[in-house]
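Engineer: Take this structure, written in structure tokens, and hold onto it; I'll ask about it next.
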Amino acid sequence: MRLIREIFKALSAEAGAEVQYTVVEGQGGYFQNVKRILEFTPERIVLRGKKNSVRIEGKNLKIGKYYSGDVAVGGEIVRVEKEV
Amino acid sequence: MMRKTRLTVDSLAAERVLDKLAREKIPVYSAEKSAKNKITFCVATKDLEKVFAIFSGLCYNVTEVRPRGLSLLSRKLLEGVGLLVGFLLFCLFVLSAQSRVLKIEVVGSGAYYEERVLDVLTRAGVSPLSEMPKDTAKLSSEILGFPDVDYCSFRSSGGILTVEVEVGTNHTFRSVKGLCSPVKGKVEEILLVRGTPVVKEGDEVEEGQLLVDSYALYGEEKRSVVVIARVKIACPVSEVFEGDEESARSGAYLKYGELTQIETKQVDGGYLVTGIRHVEATMNLN
């Protein structure tokens, strides 16, 4: 029973996962739990997760890698905003 | 290093291309919006067929960006860097192996000095995997100091250090001849290191008779060898010495050395000394 509880807990956590991110000043950022890319321009990228979206603003924005819900964003990130 | 191919997609919703690929578990690299409706990105070359298969039924204009001119040259050079570095490392390894001692061989007629030669080399710091000796003059002079060594040379090839040691050919040690009896008598004892005895203990021998022959049997083959042997021969002595008995015994000792079973008998003109003299016939043995 404990194992099943743990599995459900993990699945519900995954299902309700928000977009998690880490930004390194001047070197871009790393975003997880991304389901879609809603917008992609050199000045703005909007990433959507299951529960929320993240709007990234900056200059010369690029996507370094996009795979398995992880997005590495390059360029100069000026602002990141969460949108529910 | 993973090889990647650069693609360009023209579409009103170019971002969806990236989502589509991500859903199909195809990693997308270095994506950038090059124009309003144009997105450029890289995928692994091994995934290229899959990418085109995904877009074949959709209204996307996908083109492969092929590097040209300097871009192509720099890419080719970068691809070749690994190969070049590998080749240089291989050359370096071969060169370093050439200058290292992988094996030491002692050849020539003085090859029986191998143990001593290896000892000299070890003391000079030359051993397997060490550097080839640069100054061989000192090593040569030490090896030339071995008994009978007339010639010594060093040569290296393919990591094998060959030391050629030759011993002198005019040395008495190398003369191949048999051991003969210097006196007439009876063989008492034979000490043989090399050669073939032609007599046995207790045999009566004549002066000049061959005792040990200069050959040895290797299986059925008869090979000429250097005799190393000592044979003791008991030789009866009987002689008259002038003077008294003491003088006669002294005279016999001075002439024949130690005698066994010595007896004296007074005769006309002195004393008759009789006894057994023990003579050693030796060849190449101290």
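Protein sequences appear in the order of chains A and B. Take any residue in the first sequence, note its place counting from 1, add 44, and you have its number in this note's numbering. Take any residue in the second sequence, note its place counting from 1, add 371, and you have its number in this note's numbering. C-beta: ideal position from N, C-alpha, C; glycine also.
If I follow the unbroken alpha helix (DSSP H) through B/G423, where does it start and stop?
Structural biologist: Correcting the residue identity first, residue 423 of chain B is Phe in this sequence and not Gly. Per DSSP, B/F423 belongs to the alpha helix (DSSP H) from L419 to F426.
Engineer: Would you say B/L656 and B/A600 are within 9 Å of each other, going by their C-beta atoms?
Structural biologist: yes
Engineer: Extract the residue ranges of the alpha helix (DSSP H) inside the stretch 538-625 of chain B, only unbroken runs of 4 or more that lie entirely within it.
Structural biologist: none
Engineer: Pull up the CB-CB distance for B/V399 and A/Y110, whole angstroms please, since I reckon it's below 8 Å.
Structural biologist: Correct: roughly 4 Å between the Cβ atoms.
Engineer: Where does B/L500 land, buried or exposed, given buried means 16+ other C-beta within 10 angstroms?
Structural biologist: exposed
Engineer: Let's test the definition: count the other Cβ atoms within 10 Å of the Cβ of B/N408 and tell me whether it reaches 16, buried, or not, exposed.
Structural biologist: exposed
Engineer: Just to make sure I have the definition right: I need the residues of chain B whose C-beta is within less than 7 Å of the C-beta of A/I121. Which are they?
Structural biologist: Those do not exist, as A/I121 stays about 15 Å from chain B at its closest Cβ, beyond 7 Å.
Engineer: Looking at the strands, I want to know which residues DSSP matches up with B/M654.
Structural biologist: B/A600
Engineer: Tell me the rounded alpha-carbon separation between B/L582 and B/E629.
Structural biologist: 23 Å
Engineer: Taking A/I100 as part of the beta strand (DSSP E), name the residues at either end of that continuous run.
Structural biologist: S97 to Y111
Engineer: Please work out which residues of its chain come closer than 7 Å, Cβ to Cβ, to A/N96, disregarding the five sequence neighbours upstream and downstream, and give them in chain order.
Structural biologist: E62, V63, K126, E127 and V128
Engineer: Could you list the residues in the stretch 88-103 of chain A with a C-beta less than 7 Å from some C-beta on chain B, going in chain order?
Structural biologist: none
Engineer: Indicate whether at least one CB of chain A lies closer than 9 Å to the CB of B/F412.
Structural biologist: yes
Engineer: Can you pull the chain A residues whose beta carbon is under 8 Å from the beta carbon of B/L389, in chain order?
Structural biologist: Neighbours of B/L389 on chain A, chain order: I81, F84, I107 and Y110.
Engineer: List the residues of chain A whose Cβ lies closer than 8 Å to the Cβ of B/V399, in chain order.
Structural biologist: I107, K109, Y110 and Y111
Engineer: What residue from B/E616, B/E591, B/L563 and B/E575 has the CA that sits closest to B/S585's CA?
Structural biologist: B/L563
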